[in-house]
């Protein structure tokens with residue numbers, strides 16, 4: 517008989533983030549380097565680039581459950 521693993525919704529879980537270049541290859545590489553699997557990802561947010569003053573390319577912000 518298998519035991520059920522119960523996860524309570526009111527437990528506090530730590531959320532961490534990484535920021536990568538805005539490309540699928542860079543995103544996959546960053547996830548692999550940090551050992552983040554799909555079950556731990558909460559959200560992937562696009563961060564627009566900045567063209568004035570201090571130019572920055574677009575990026576992706578990944579929020580995930582810390583282990």
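Residue numbers (our numbering): 517 to 583.
Just so it is clear, CB atoms sit at the ideal spot from N, CA and C, and this is done for glycine as well.
Bear in mind that the values here come from a model prediction, so they are computed numbers and not experimental data.
message = Buried or exposed for residue 570, going by 16 or more other Cβ atoms inside 10 Å?
response = exposed
ask   = On the three-state DSSP scale, how would you describe residue 543?
value = helix
task = On the DSSP bridge assignment, give the partners of residue 563 in chain order.
result = 575
Beta-carbon proximity of residue 660 to residue 576, cut-off 9 Å = The structure shown does not extend to residue 660, since the chain is modelled only from 517 to 583, so the question has no answer here.
query = Using a Cβ-Cβ cut-off of 7 Å (strictly less than) and excluding sequence neighbours within five positions of residue 553, which residues of its own chain qualify?
reply = Nothing meets the Cβ criterion.
query = Exposed or buried, which one is residue 530 when buried takes at least 16 other CB atoms within 10 Å?
reply = With fewer than 16 neighbouring CB atoms inside 10 Å of its own CB, residue 530 falls in the exposed class.
query = Just the Cα atoms here: how many angstroms apart are residue 548 and residue 581?
reply = Using only the alpha carbons, I get a separation of about 15 Å.
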